[in-house]
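In UniProt numbering, the protein residues as written are 1 to 306. The structure appears below as structure tokens.
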């Protein structure tokens with residue numbers, strides 16, 4: 001008696017063969033049947049498929065280890081050596097702070113991994129000054145919008161300059177300080193070493209919603225006495241926020257071998273790569289990516305694909 005093929009057998013077979021491994025084996029002929037009219041076997045599922053139970057999200061605040069990246073060998077930080085000739089100046093009624101190595105006209109100082117903060121501090125009227133302290137501070141703040149939960153952790157908190165009237169005779173006319181930003185820091189709770197995160201801000205909507213901020217700033221704390229009273233002290237604070245960007249590169253070399261060539265208009269970096277065809281007997285695809293910098297005042301660069 002001849003075997004009758006079920007009308008939905010081919011549909012069921014195609015649906016179970018949508019994985020990449022199954023299609024590859026089907027093209028090689030591993031799953032082709034030789035007996036006419038026989039239903040082909042269902043190919044096995046790929047090894048990366050796992051049946052895991054569905055987990056419900058907890059409404060509690062996430063632990064810092066869930067959004068902080070440990071110091072693994074994923075990419076290598078690059079120490080920046082670029083320096084701009086401009087200055088950033090911040091004035092107040094009591095002090096003036098100048099930060100060198102910034103672009104002229106910038107509204108907020110910017111530093112990268114390995115950059116050095118060069119600052120000059122001037123106090124026009126040092127009379128009555130009791131103490132002065134310059135700090136660099138980095139803070140990570142996580143706040144629950146729909147509730148009252150919050151989390152705050154110090155990323156950086158280092159003293160750059162300290163002066164006290166009880167230990168020093170007079171305040172200097174000009175104060176200079178230098179500080180090189182580190183590439184890593186140790187979390188105060190877990191004692192795990194992490195990379196310094198860049199300046200970041202995110203608002204996650206939902207119930208409950210979260211607000212995440214990573215901020216950096218240079219802080220100047222001043223304590224002085226009133227002109228008419230020696231026992232009435234007043235403390236003022238100058239906070240200058242700055243942006244921190246991380247420069248990094250992959251720990252492993254990319255698939256494109258680099259060949260540096262020159263053109264009449266400017267230097268050109270060419271990347272060559274051969275993309276192998278998945279079909280047997282198919283031709284490979286040769287890819288060339290070139291980046292050429294135009295010699296113009298605007299500094300516009302273009303990428304050439306061929």
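No residue lacks a Cβ here, since even glycine has one placed at the ideal position from N, Cα and C. Here the structure is a predicted model, which is why all the values come from computation and not from measurement.
| field | residue 220 versus residue 139 - alpha carbon distance | value | Here residue 220 refers to the residue found at position 220 when the chain shown is read from its first residue. Here residue 139 refers to the residue found at position 139 when the chain shown is read from its first residue. So the two alpha carbons sit approximately 16 Å from each other.
| At what residue ranges does the region 177 to 205 contain a whole run of the beta strand (DSSP E), taking only runs of 3 or more? | If we require 3 residues or more, the beta strand (DSSP E) runs fully inside the region 177 to 205 come out as 184 to 186, 193 to 195 and 200 to 204.
| field | Alpha-carbon spacing of residue 195 relative to residue 156, whole angstroms | value | Your numbering for residue 195 matches position 195 in the chain shown. Your numbering for residue 156 matches position 156 in the chain shown. Just so you know, the alpha carbons of residue 195 and residue 156 end up roughly 12 Å apart.
| query | In or out: residue 101 buried (at least 16 other Cβ within 10 Å) or exposed? | reply | Position 101 of the chain shown holds residue 101. So residue 101 ends up on the buried side.
| query | Between residue 131 and the rest of its own chain, which residues show a CB-CB distance below 6 Å, the 5 nearest in sequence each way excluded? | reply | Counting from 1 along the chain shown, the entry for residue 131 is found at position 131. If we look at residue 131 and ignore the five residues flanking it on each side, its Cβ neighbours are 164 and 223.
| query | What number of angstroms, rounded off, separates the C-alpha of residue 97 from the C-alpha of residue 187? | reply | Looking up residue 97 in the chain shown gives position 97. Looking up residue 187 in the chain shown gives position 187. One Cα belongs to residue 97, the other to residue 187, and the distance between them is close to 30 Å.
| said: Does residue 241 pass the burial test, meaning 16 or more other C-beta atoms within 10 Å, or should it be called exposed? | reply: Working through the chain shown from its first residue, we reach residue 241 at position 241. Classification of residue 241: exposed, given that the 10 Å Cβ count is below 16.
| query | Could you give the C-beta distance for residue 154 and residue 136, rounded to a whole number, given that I count them as a contact under 8 Å? | reply | Your numbering for residue 154 matches position 154 in the chain shown. Your numbering for residue 136 matches position 136 in the chain shown. That pair is no contact at about 11 Å.
| DSSP bridge partner residues for residue 161 (one or two, in chain order) | Sequence index remark: in the chain shown, residue 161 carries index 161 (1-based). Residue 161 is bridged to 134.
| message | Tell me which residue opens and which closes the beta strand (DSSP E) that residue 276 is part of. | response | One-based indexing of the chain shown puts residue 276 at position 276. Per DSSP, residue 276 lies in no beta strand (DSSP E) and is assigned neither H nor E.
| Where do the ends of the beta strand (DSSP E) carrying residue 233 lie? | Counting from one through the chain shown, the residue named residue 233 turns up at place 233. Per DSSP, residue 233 belongs to the beta strand (DSSP E) from 233 to 245.
| How is residue 285 classed by DSSP in three states: helix, strand or coil? | Residue numbering aside, residue 285 sits at position 285 when the chain shown is read from its first letter. When DSSP states are grouped into helix, strand and coil, residue 285 belongs to the strand group.
| request: Evaluate contact between the region 174 to 182 and the region 116 to 130, counting only Cβ atoms and requiring at least three cross-stretch pairs below 8 Å. | output: Segments in contact, yes.
| query | Just reading off the beta strand (DSSP E) that residue 122 is part of, what are its end residues? | reply | The residue you call residue 122 lines up with position 122 of the chain shown. Note, residue 122: beta strand (DSSP E), 116 to 122.
| query | Taking all protein chains shown into account, do 16 or more other C-beta atoms lie within 10 angstroms of the C-beta of residue 210, making it buried, or fewer, making it exposed? | reply | Here residue 210 refers to the residue found at position 210 when the chain shown is read from its first residue. Residue 210 is buried by the Cβ-count criterion.
| said: For a test of the three-state rule: what should DSSP assign to residue 106, helix, strand or coil? | reply: Locating residue 106 in the chain shown gives position 106, where the first residue counts as 1. Coil.
| task | Evaluate residue 124 with the Cβ neighbour count: other Cβ atoms within 10 Å of its Cβ, from every protein chain shown; 16 or more gives buried, anything less gives exposed. | result | The sequence position of residue 124 within the chain shown is 124, counting from 1. Residue 124 comes out exposed.
| request: Give the straight-line distance between the Cα atoms of residue 191 and residue 212, rounded to the nearest whole angstrom. | output: Numbered from 1 along the chain shown, position 191 holds the residue referred to as residue 191. Numbered from 1 along the chain shown, position 212 holds the residue referred to as residue 212. Their Cα atoms are separated by approximately 21 Å.
| task | Tell me, please, whether the CB atom of residue 210 is closer than 8 Å to any CB atom in chain D? | result | You won't find chain D in this structure, because it holds only one protein chain.
| In terms of DSSP beta bridges, what is residue 100 paired with? | The residue you call residue 100 lines up with position 100 of the chain shown. Answer is 87.
| Where the beta strand (DSSP E) containing residue 221 begins and where it ends | For the purposes of this step, residue 221 is identified with residue 221 of the chain shown, where counting begins at 1. Bounds of the beta strand (DSSP E) holding residue 221 are 210 to 225.
| Is DSSP giving residue 271 helix, strand or coil here? | Residue 271 sits at position 271 when you count from the first residue of the chain shown. Secondary structure at residue 271: strand, using DSSP grouped into helix, strand and coil.
| query | Can you check whether the CB of residue 208 is closer than 8 Å to the CB of residue 246? | reply | The residue you call residue 246 lines up with position 246 of the chain shown. The residue you call residue 208 lines up with position 208 of the chain shown. No, these two residues do not count as a Cβ contact at 8 Å.
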